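Those protein sequence lines, which keep their order, are chains B and V. Number 134 in this note's numbering belongs to position 112 of the first sequence; there are no gaps in the numbering. Number 126 in this note's numbering belongs to position 113 of the second sequence; there are no gaps in the numbering. Written below as structure tokens is the structure these notes are about.
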Amino acid sequence: MAFRVLIVDDSPVMRALIRRVIVLSGLEGAAFLEASDGREALDVLRAQSVDVVLTDINMPSMDGEQLVRCLHADAALKSVPIIVVSTDGTESRMRQMLSLGARGYVKKPFMPETLRQELERVLGGAYAG
Amino acid sequence: MPDSEWHGLLAAAAAEVLETMFFASVYGPPQAGADRAGPRMAARVGFAGTPNGVLTLSISTPAMRALAANFLASDDGDPLPVSQLEGVICELANMICGALLSQVKAAELFRLTSPELLPDDAPCPPFQPHISLALGEDAGDGTIDLWLDLEPHAH
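So this is what it looks like as structure tokens:
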């Protein structure tokens, strides 16, 4: 089944890594969109259909925390699931982001399998390859 | 927390990141007199919280090339562009810093600054690194040096 992933990270190499991990993980049918911060992500989300957002927290202009807040407050976008992918693995940060509306949290560094499992969990088993 | 404990956490964080996302073997402190000649790259990332601080890392350029190729799964034999190398070393610093702070039990959230590449003429801290790690053949047999500068009175 095809699905569209929006990868939000200010690091181009991190976006490339996440793309590659998803492709190699066996999740079939992924199409990728990219944004370098929350503001760009909102522009993409308002223009195109997206099945899941993977976002970093620490970004310029609009960070991941603000992005999650904006999506949760937007009636048209609040149903789009968000998975946070961040170097910040503190319990307090994870609790905060999940309470704001993120559906999942992957701490960097991560094993490729961890990202795949989190995507499958959030998207549902129909997307598994 | 005493400095020695911080440095232990830093070594563990660096090893976790290098092994998990860069597929590098980490052998602990390099042997005395290990060769540090040749070009090196450096990056740093700051953080605000309790405490505030700056993490700086320096690594031999061939080792960084090997790590970047592992990270990006580049197998086409062509050297990676410098812009990608710079992006990967910044992400390496970012992840080590995040992994370090994730082990710290702090009452408030930490905020990381965007990692920055240090130009050749901007020296690393003028004292011995707090942590040095020898990397395996899969990372060009290089060494990585780490400095953790914590704000006085905060730890």
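For glycine and all other residues, C-beta sits at the position ideal for the given N, C-alpha and C. In this text, all values refer to a predicted model and were calculated from it rather than measured experimentally.
A distance below 7 Å between beta-carbons, with the five flanking residues on each side excluded, links V/Cys110 to the following residues of its chain, in chain order: Val58, Phe60, Leu68, Leu125. Boundaries around B/Glu113 are those of the alpha helix (DSSP H), 113-122, since no beta strand (DSSP E) includes it. The beta carbon of V/Gly149 sits no closer than 7 Å to any beta carbon of chain B. Excluding residues up to 5 positions away in sequence, nothing lies with its Cβ nearer than 7 Å to the Cβ of V/Ala50 in the same chain. For B/Ser47, the closest Cβ of chain V is not nearer than 7 Å. Chain-ordered, the chain B residues with CB closer than 7 Å to the CB of V/Asn107 read Thr109. Closer than 7 Å to the CB of B/Pro134 there is not a single CB belonging to chain V.
For B/Leu39, the residues of chain V that pass the 7 Å Cβ criterion are Phe84, Leu85, in the order they occur in the chain. A residue is called buried once 16 or more other Cβ atoms fall within 10 Å of its Cβ, and V/Arg78 is buried on that count.
Shown here, V/Leu148 sits in a strand according to DSSP, grouped into three states.
Contacts between B/Met36 and chain V, judged by CB atoms closer than 7 Å, involve Glu104 in chain order. DSSP links V/Asp158 through a beta bridge to V/Ser71, V/Ser145. By the neighbour-count definition (other C-beta atoms within 10 Å, threshold 16), V/Glu104 is a buried residue. Runs of alpha helix (DSSP H) with 4 or more residues, each lying fully within the segment 29-68 of chain B, are found at 34-46, listed in chain order. At least 7 Å separates the CB of V/Ser38 from every CB of chain B.
As the crow flies, the alpha-carbon of V/Gln44 is around 18 Å from that of V/Ala37. In this structure, the CA atom of V/Trp160 is about 24 Å from the CA atom of B/Met81. DSSP places V/Met34 in the uninterrupted alpha helix (DSSP H) bounded by 16-34. A direct Cα-Cα distance of roughly 6 Å separates B/Met133 from V/Thr33. For V/Phe84, the three-state secondary structure derived from DSSP is helix.
Taking a contact to require three or more Cβ pairs closer than 8 Å, the segment 136-153 of chain V and the segment 79-91 of chain V qualify as touching. Sequence-distant Cβ neighbours of B/Met116 in its own chain, meaning closer than 7 Å and more than five residues away, are Tyr127.
Within chain V, the C-beta atoms nearer than 9 Å to that of B/Asp32 come from Ser127, in chain order. In this structure, the beta-carbon distance from B/Ala57 to B/Val66 falls below 7 Å. CA-to-CA, the gap between B/Val144 and V/Ser17 works out to about 41 Å.
Taking the C-beta atoms as reference points, B/Arg41 is found no nearer than 7 Å to B/Val72. Comparing alpha-carbon positions, the option among V/Asp91, V/Met54, V/Leu22, V/Pro142 lying closest to V/Ala135 turns out to be V/Met54. Buried is the label assigned to B/Gly60, since at least 16 other Cβ atoms lie within 10 Å of its Cβ. DSSP places V/Ala120 in the coil class of the three-state scheme, outside both helix and strand.
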